[in-house]
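A quick write-up on the structure given underneath.
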Amino acid sequence: MTLNTVWQQQYNPMNNIWLSALIAVIPIVIFLISLVFFKLKGYTAGALSIISSAIISIFVYKMPVDKVAGAAEQGIVSGLWPVASIVLAAIFLYKLTVKIGCFDIMKESIASISPDKRIQVLLIGFSFNAFLEGAAGFGAPVAITAAILVGLGFNPLSAAAICLVSNIAGGAYGAMGIPVTVPAALTELSPVKVGQNTAVILCLITILVTFLIVFMVDGLKGIKEVFPAILVSGGSFAATQFILLEFIGPELVDIASSIVSLIALIIFLRFWSPKNILSAESKITDTKHDLSGKVVFKAWLPFILLTVFVTLLNTSFFKSLVQAANPQTGKKRGILNSLVFKIPYYIDSTVVKVSPIVEKPTPMKAIFSFEPFTSTTTAIVLAAILTIVIFKVKARIVGIVLKETILELWAPILTICSVLAFAYISTYSGMSSTLGLALANTGKIFPLVSPILGWIGVFLTGSVVNSGSLFAGLQHVTATQIGVDPSLLVASNIIGGAIAKMISPQSIAVAAAAVGLVNKDSEIFSKTIKWSVIFLILAGILNFLFTM
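Basically the numbering used here = 1-based index in the sequence shown + 1243.
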């Protein structure tokens, strides 16, 4: 068989969709058992999932060996770029701020707003997390905010879990709203309408998340003592979120909501403070530095630069500089388009999706895209370079930080690459679609399980965007068959995906690396899985009620 032979996916190899789904879920079960019960390292669990998914793809789904290898290769490369590169750059920038003393001033500036741990998780774990998700996404928000919380004195395991749970709030609208706009475009639905249909459920979940992260810090006692602050933080975020989704669109939801939430809580804290202060283990109480506006601004400058560069590179202006020509829409070729590299993998267009996943046979693209001028990695690297220049950091210090970062992150990067290799095999073989079709077979109660599709998609790929690309079409087709508004079920896919971000092996590996818990993925997973399942059940029930 030649490498360019076209192979069509099959979704029911056992001629019984539930039996086929039972086989398709085996690699996921192996991963979970390896991680949770046997407590194997993340990359070992990932490797076992690769092997099991490859065996099933070849012998059950009859996928050619070269296609399986090509899918795994694409997953590994995707793990390196953009995911691992973003994490490396983000952690390098964080470590750099520690080495040059900026981080100590940042900690004191946060403590000067409130030394209370419960307030700090609302400011950093929740609002700042969502802000970074809206601007950057791809793991950077969890990595940076979890590292900051550890620097403030939080237990590393708790910091990782809190930031993963908090990421629900921004996960559905991260990186300038593309988790909504991409699946909407794929299904030819209005992104505004799809965003509107995510609003009620996710705004409710957003408020619940603020209560939950305080509970994770200090239980019911903590909720009672900082109840007004929780309402201000979560309420202002959810209100802004709802207004933007209803009347404007999803693109700026995270950035605007997080800024409003931060400002509202900071202003509120000028007039109110909890009666009992729950201090972090580091007990930052006495200011050691001059906390004038100039000093604080300079300390936060690395992350201000990060925000500026990420925002600029995601503007329509910069995107127009690298866009390809499109005669159908009249778009002209951008002047920097020659610096965009798109390299096809050898399986490009050789795997074909068929009905009922798509209306007509559709070859699956497999292209490595390197777009440095719109990359989050580039934005972080530029912020790091300017930080080095502005603070006159010696080359020796830069070398030390770079070496530390690489040594700490090699294991999480292996985990990320192994998980994505397994995810791509599942996607290209059709196993992921088998799971989707089995759930779609539930008929009129499908809206109840619809969010599970998005949940599975993000567990496999680590991305709400990729989950939408994988299952939005199926959600649309099933909605039409059962007489439900398709935009409602495409929205439920996004909601389920956002809820799954806290248990995605890719996200957990990033969080573990950020807080220094390398190879402790199973401990973090056990902290987040129960909350993810609870939110998923709630989303399913609400989604079902909305379609009645």
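Positions of the beta carbon are idealized from the N, C-alpha and C atoms, including for glycine.
Tell me the rounded alpha-carbon separation between residue i and residue j.
i, j, result
"F1616", "V1662", "27 Å"
"P1196", "V1583", "Here the chain covers residues 1244 to 1791 and nothing more, so residue 1196 does not appear."
"G1492", "S1730", "14 Å"
"L1283", "W1324", "25 Å"
"T1449", "M1791", "24 Å"
"M1244", "F1702", "Low per-residue confidence applies at M1244: pLDDT is 43, beneath 50, and the placement is therefore not dependable enough to give any value."
"V1601", "I1547", "44 Å"
"I1527", "P1358", "Any answer about I1527 is weak, because its pLDDT of 46 lies below 50 and its placement is not dependable; what the coordinates show is given next. Roughly 7 Å between the two C-alpha positions."
"V1720", "T1677", "15 Å"
"V1437", "P1426", "9 Å"
"S1735", "T1441", "7 Å"
"G1414", "K1763", "23 Å"
"T1630", "C1345", "10 Å"
"I1833", "A1722", "Missing from the structure shown is residue 1833; the chain here goes from 1244 to 1791 and no further."
"I1356", "E1766", "31 Å"
"A1664", "I1269", "16 Å"
"L1556", "E1614", "11 Å"
"V1753", "A1683", "32 Å"
"I1628", "I1610", "30 Å"
"I1298", "E1316", "16 Å"
Can you tell me whether residue i is buried or exposed, with buried defined as 16 or more other CB within 10 angstroms of its CB?
i, result
"W1774", "buried"
"A1231", "Here the chain has residues from 1244 to 1791 only, and residue 1231 is not among them."
"E1489", "exposed"
"V1776", "exposed"
"A1622", "buried"
"I1659", "buried"
"V1311", "buried"
"R1361", "buried"
"P1384", "buried"
"V1272", "exposed"
"F1540", "exposed"
"V1330", "buried"
"T1530", "Residue confidence for T1530 is low, a pLDDT of 48 falling below 50, so the modelled location carries little weight; the figure read from the coordinates is stated next. Result: exposed."
"N1372", "buried"
What are the boundary residues of the alpha helix (DSSP H) that residue i is part of?
i, result
"S1676", "1674 to 1683"
"V1538", "1536 to 1556"
"V1443", "1434 to 1468"
"K1770", "1764 to 1789"
"F1561", "1559 to 1565"
"L1275", "1269 to 1275"
"M1349", "1345 to 1356"
"L1732", "1729 to 1743"
So residue i and residue j are supposed to be a Cβ contact under 8 Å. How far apart are they, rounded?
i, j, result
"V1460", "S1409", "Between S1409 and V1460 the Cβ distance is about 12 Å, and since that is not below 8 Å, they are no contact."
"V1793", "V1364", "Because residue 1793 is not part of the residues shown, which for the chain are 1244 to 1791, the question remains open."
"Y1304", "Q1253", "6 Å"
"S1822", "L1544", "Outside the shown range of the chain, which is 1244 to 1791, sits residue 1822, and nothing can be said about it."
"I1586", "A1314", "I1586 to A1314, Cβ: 16 Å. No contact."
"I1444", "L1785", "5 Å"
Where do the N-terminal and C-terminal ends of the beta strand (DSSP E) with residue i fall, by residue?
i, result
"I1586", "1584 to 1587"
"F1613", "1610 to 1613"
"V1594", "1594 to 1596"
Please determine, among the options, the residue with the shortest C-alpha to C-alpha distance to residue i.
i, options, result
"L1521", "F1511, G1462, I1502", "G1462"
"T1340", "S1535, L1645, K1687, F1511", "L1645"
"F1454", "I1391, V1475, V1595", "V1475"
"K1575", "S1563, S1612, V1624, S1581", "S1563"
"G1679", "Y1667, V1692, L1392, I1738", "V1692"
"V1624", "A1332, S1535, S1352", "A1332"
"G1322", "A1782, V1707, G1697, P1655", "P1655"
"I1742", "Y1416, N1684, A1627", "Y1416"
"M1607", "A1386, Y1589, L1366", "Y1589"
Please decide whether residue i counts as near chain D, where near means a Cβ-Cβ distance under 8 Å.
i, result
"P1270", "Here there is only one protein chain, and chain D is not present."
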